[in-house]
Amino acid sequence: MQEHAIRPWYCKPFRRPRRDKDRQNVKPNDLDRAFQPGMPNRAWLSDITEFRTFEGKLYLSVVEDLGTRRVLGWAMSNRMRAELVEESLQMAIKLWGKPVKVLFHSDQGSQFRSELIRHSLRDYGADQSMSRRANCWDNAPMESFFATLKREMYWNRSWTRQRLRTEIFEFIEVYYNRQRLHSTLGYQIPVGFEKKAILKDPLS
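Quick note on this note's numbering: the sequence shown kicks off at 79 and runs consecutively.
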């Protein structure tokens with residue numbers, strides 16, 4: 079190639095340009111990685127993950143209490159839209175009531191920047207916080223939950239969406255919240271830790 083002055087042709091990877099609307103409604107990272115467990119109903123974490131099944135993708139949205147690591151709300155859908163996050167948020171609200179003065183932390187996904195979620199949080203009196211761009215460590219406990227779910231549920235892509243929905247429900251409500259010992263909580267279960275924290279909470 080040197081002898082004949084031949085040079086290789088490199089194709090640069092395509093990168094979608096950052097559009098102005100992607101910067102709209104981004105909130106500061108007020109949580110600032112303050113991940114220590116403590117009192118419930120102070121900060122809620124949220125995120126969306128995807129699963130591949132025999133029938134196609136299934137998306138799971140989760141709302142987790144940072145103080146107790148309990149999954150308060152969850153929702154599943156074939157489409158990753160803002161309504162999915164809203165459904166998981168409503169489930170958490172039915173369990174805990176309106177999240178007044180709760181810090182709701184997520185990434186900068188379009189679902190969390192949507193008018194639907196912003197208005198819901200504002201109406202409920204919750205403050206919104208977002209991770210820095212492309213920084214998964216700013217929402218590490220939520221990422222850790224998804225990793226635990228996918229590792230310990232032993233799911234595979236041959237499942238149907240309905241079977242996956244059932245398995246996720248059982249993992250969250252039967253096992254994770256009520257049976258699984260959490261190292262961050264001093265090897266207590268989230269529901270048990272929550273009950274003890276409420277007894278110590280002067281605002282409960």
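Built from N, CA and C at the ideal position, the CB exists for glycine as well.
**Study point:** ALA225 versus VAL141 - alpha carbon distance
**Key:** A straight-line Cα-Cα distance of about 15 Å links ALA225 and VAL141.
### Task
Find out if the Cβ-Cβ distance for the pair ALA153, LEU194 is shorter than 7 Å.
Going by C-beta atoms, ALA153 is not nearer than 7 Å to LEU194.
Check: Per DSSP, HIS260 is paired with what?
Finding: GLN266
Residues that LEU136 bridges to, as DSSP identifies them:
PHE129
inquiry  = Measuring only the C-alpha atoms, how far is ALA50 from GLU81?
reply    = There is no way to answer for residue 50, as the model of the chain reaches only from 79 to 282.
Report task. Could you work out which residue in ARG239, TRP233 and GLY264 is closest to PHE249 when comparing CA atoms only? Result -> TRP233
Among LYS278, LEU227, GLY203 and PRO268, nearest to GLU128 - alpha-carbon criterion | LEU227
Under the three-state DSSP convention, the category SER192 falls into: coil
**Prompt:** Taking DSSP as the reference, what is the three-state secondary structure of HIS82?
**Reply:** coil
**Report entry** Paired residues, beta bridge with ALA204 - DSSP
**Finding:** Note: ALA204 sits in no beta bridge, so no partner.
Review point. What first and last residue would you give for the alpha helix (DSSP H) that runs through PHE182?
Key: Here PHE182 belongs to no alpha helix (DSSP H); instead the beta strand (DSSP E) covers 181-184.
Going by CA-CA distance only, name the one from PRO86, MET79 and ASN103 that's closest to HIS197. ASN103
query = Cα-Cα, which of ARG191, ASP108, GLU251 and VAL178 is closest to ASP125?
reply = Among ARG191, ASP108, GLU251 and VAL178, the Cα nearest to that of ASP125 is on ARG191.
| message | Within 10 Å of its beta-carbon, does PRO106 have 16 or more other beta-carbons around it, so buried, or fewer, so exposed? | response | exposed
| said: So for LEU162, helix, strand or coil by DSSP? | reply: helix
Cβ of LEU277 within 7 Å of any chain D Cβ: The structure shown contains no chain D; it holds only a single protein chain.
Worksheet item: According to DSSP, what are the bridge partners of SER124?
Response: VAL141
Could you compute how far the alpha carbon of LEU277 sits from the alpha carbon of ARG229? 33 Å
Can you list, in chain order, the residues of its chain whose CB lies under 6 Å from that of PRO118, leaving out five sequence neighbours each side? Here the set comprises ASP143, GLY145, THR146, GLU272 and ALA275.
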